[in-house]
Each structure stands twice: as C-alpha cells, then as structure tokens.
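First up is the structure itself, then whatever we jot down about it.
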Amino acid sequence: MGELYLGCAGSIDVEVEQPLTYERIPENLNIVNIQVAGLKGGHSGVDIHLGRGNANVILARFLNEYLAKLGGHLVEFTGGTARNALPREAVATIAISSNQLPELEKLLAEYQTIWKDQLQGIDDNLQLTIQPNSAEVTEVIAQQQQNEWLQALATSPYGVASMSQVLPDVVETSNNIGVVKLNREVGKAVLMVRSMVNQEAQDFAEKIQAHFSQFNITSSLTPLVSGWTPNPNSAALKCLQQAYQNAFNIEPDIKVIHAGLECGIIAEHYPHLQMVSFGPDIQGAHAPGERVKVDTVDKCWKLLVTALASVE
25 MGELYLGCAG
35 SIDVEVEQPL
45 TYERIPENLN
55 IVNIQVAGLK
65 GGHSGVDIHL
75 GRGNANVILA
85 RFLNEYLAKL
95 GGHLVEFTGG
105 TARNALPREA
115 VATIAISSNQ
125 LPELEKLLAE
135 YQTIWKDQLQ
145 GIDDNLQLTI
155 QPNSAEVTEV
165 IAQQQQNEWL
175 QALATSPYGV
185 ASMSQVLPDV
195 VETSNNIGVV
205 KLNREVGKAV
215 LMVRSMVNQE
225 AQDFAEKIQA
235 HFSQFNITSS
245 LTPLVSGWTP
255 NPNSAALKCL
265 QQAYQNAFNI
275 EPDIKVIHAG
285 LECGIIAEHY
295 PHLQMVSFGP
305 DIQGAHAPGE
315 RVKVDTVDKC
325 WKLLVTALAS
335 VE
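Given below as structure tokens:
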C-alpha cells in the first residue's frame, strides 16, 4: 500500500437490448459450440490499457467473418459475466452442415494463431475450440438479425479510446464490451464506458449508441456516475502525505485511477469536500484470482490513525 488516490473515472453503461426472432432450422445440420477460453480477464478500468483479450470481441469477429460464408446459423451467443470485468470466456452455439465442419475447424485454427500472435506476452493462454452439442435444436436466430448483431459486436469500439493529455500515463476514455447474451429470451449486450471527463463519457456512450443503431439495434444509457476531479493542492492530501511519511518513513505515490471510486459520487453532491482515497492492495480485481494482501490492511489502519491524530 504505497498509493494515495485523488481522482477517478466516471462511467455510463450502454444497455443494448432487442427481442430476437427465431426461424426453423434447415434440416440435416450439425449443432456445435465454438468457445473462447483461457483469457486472463481483469478489471475493465485498471486493466483496460494492458491489451488483454476480450472474449466477446474475439468470438464475434470470427462469427461475423465466417459463419454466413460457411452457410452456418447462430443459435445462441453467451459471453462475459459483468459489465465491469474483461470477459474471459464466450461461447456460441451454431448450426452448420457436416461437410463444412472441416473448413470451420481449419479457419478457427488459423484465427487462433492470429490472435495468439497478437496477444503474445499479454494473454498467452487463449484457446478457441469446437465441441459437439447434443441438444435438440429446431430453430436458429433469423438471418438478418444474426448478421446485424454479429456485425455490430465485431465492429463496436472497445478498449482504450484515448489517453489523458493532462495526467501522464492515465487512460482518459475507454469502453468494455462486458456482457453479451443472444438467445430465445433476449438479445442483449452491456458495454461500460469510463472517462476521466464526464462529458467525454456521455459523448462516447452516445457514439456507441449510434453505432448499434446503424444495425437496427436499440439501446439506452444509464445515468452518468460522476468522476472525481483531482485536486493536488488540497489540505487533505497534504495531511495524508505527511501522515504516510511519519508512519512509514517514505513518500507515497500520488495517483488517479481509471476506475470508479465512491469519491466520485460523493464529490458530485459535495463538490467542495476535500477527499483522498486509500486502501489495502488488491490484485487480480474482477477475476477469479482476486485477492488482497493481508499485511496492507494493517498499514491502512496505521495510516488512518496517524492522519487522524494530526488533525487539530
């Protein structure tokens, strides 16, 4: 625990949702699953700049490029578990003729090689596989909607949109295609936009809305969760800096974070309040291996007590 935070990003969710029309499946087609797995995942704010793979994007791009060309049909698409987590896995159920299966396997292997090269040293355990599906399937997503959804997902902005021109090495605006669900119950995607500048978050979210609208897919925006504008000259920061030096005999790093902190919401209602955020070290946030360094919990307590003792 060597950081004090004095700013964070705001956010807006783009909630894409539209009922899907299903049609009778052509006869004599095989049902298989195409799965993307093995990615690291992570926090859609603090890890977005690392260039890790997004399972929803990887799968949508493959299906958009090859499914219709092979005469295949989409039955379902499920990817990601949370809007604020980088999706580690995604799976699509498709219907395809048996004589096209060898070509599908060949194209998927080639596609995996391309992505492995792109993610080398960043996300090395990517796996793209085809597995038989024994479910009885009688209907598939209507061809036009299949094409529209796959094109929209495959070409949607994602990842880092811009870096801050004011804050060194800080992501200013980003987008995560966190959740995709295309099935008989719903056609849905949830994309989370973050920005250090509230108006940029709003503008970028509207840009994504316009993108999906081109493909006849409707969406709505959640209310803006405000960011927290840094105040490097606040008395609160100076107090915490001095307390940190007194407690640990070193200077803390002063940072802003491309993630959401409660301070952003508090600052929206109490704009003149001085705030500093700190906490124990968390590693692997929003991924299965998320953990906290237990010894830093005690350091947080020591810092808090030292700071309070210095307040007159």
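Take 25 as the starting number for the sequence shown in the numbering used here and just add one per residue. Cβ coordinates follow ideal geometry from the N, Cα and C atoms, glycine included.
Residue i - DSSP class collapsed to helix/strand/coil
{"i": "L94", "result": "coil"}
{"i": "A229", "result": "helix"}
{"i": "E100", "result": "strand"}
{"i": "A109", "result": "strand"}
{"i": "D305", "result": "coil"}
{"i": "Y29", "result": "strand"}
{"i": "H17", "result": "Nothing about residue 17 can be reported from this structure: the residues present for the chain run from 25 to 336 only."}
{"i": "R85", "result": "helix"}
{"i": "V329", "result": "helix"}
Identified DSSP bridge partners for residue i
{"i": "I58", "result": "A116, I154"}
{"i": "S244", "result": "E39"}
{"i": "I201", "result": "L215"}
{"i": "H235", "result": "DSSP output for H235 lists no bridge partner at all."}
{"i": "D277", "result": "E27"}
{"i": "E163", "result": "R48"}
{"i": "L206", "result": "F101, G211"}
{"i": "V339", "result": "In the structure displayed, the chain extends from 25 to 336; residue 339 sits before or after that span and is not available."}
{"i": "R315", "result": "Q307"}
Buried or exposed (CB count within 10 angstroms, at least 16 for buried), residue i
{"i": "I201", "result": "buried"}
{"i": "S158", "result": "exposed"}
{"i": "Y182", "result": "buried"}
{"i": "E129", "result": "exposed"}
{"i": "A33", "result": "buried"}
{"i": "L30", "result": "buried"}
{"i": "G104", "result": "buried"}
{"i": "A331", "result": "buried"}
{"i": "V210", "result": "exposed"}
{"i": "V195", "result": "buried"}
Close beta carbons around residue i, own chain, < 7 angstroms, minus the five adjacent residues each side
{"i": "N171", "result": "A92"}
{"i": "G288", "result": "C32, G34, V249, S250, G251, W252"}
{"i": "G26", "result": "P276, D277"}
Rounded straight-line distance, which links the Cα of residue j to that of residue i
{"i": "Q23", "j": "V38", "result": "For residue 23 there is no data in the structure shown, the boundaries of the chain being 25 and 336."}
{"i": "K326", "j": "A271", "result": "7 angstroms"}
{"i": "L261", "j": "E336", "result": "16 angstroms"}
{"i": "R208", "j": "S198", "result": "31 angstroms"}
{"i": "H235", "j": "I118", "result": "25 angstroms"}
{"i": "L110", "j": "Q169", "result": "25 angstroms"}
{"i": "S237", "j": "E41", "result": "11 angstroms"}
{"i": "L87", "j": "P247", "result": "32 angstroms"}
{"i": "V214", "j": "A267", "result": "42 angstroms"}
{"i": "Q136", "j": "L285", "result": "37 angstroms"}
Min CB distance residue i to chain B below 9 angstroms
{"i": "S186", "result": "This model lacks chain B altogether, as it is built from one protein chain only."}
Cβ-based neighbour list, residue i, same chain, cut-off 8 angstroms, excluding 5 preceding and 5 following
{"i": "Q265", "result": "L28, E275, P276, I278"}
{"i": "K231", "result": "P181"}
{"i": "F239", "result": "E172, W173, Q175, A176"}
{"i": "E314", "result": "I306, Q307, G308"}
{"i": "N54", "result": "A119, I120, S121, S122, L125, P156"}
Cβ neighbours of residue i in the same chain (closer than 6 angstroms, five flanking residues each side left out)
{"i": "A309", "result": "H67"}
{"i": "Q59", "result": "V115, T153"}
{"i": "K212", "result": "E41, K205"}
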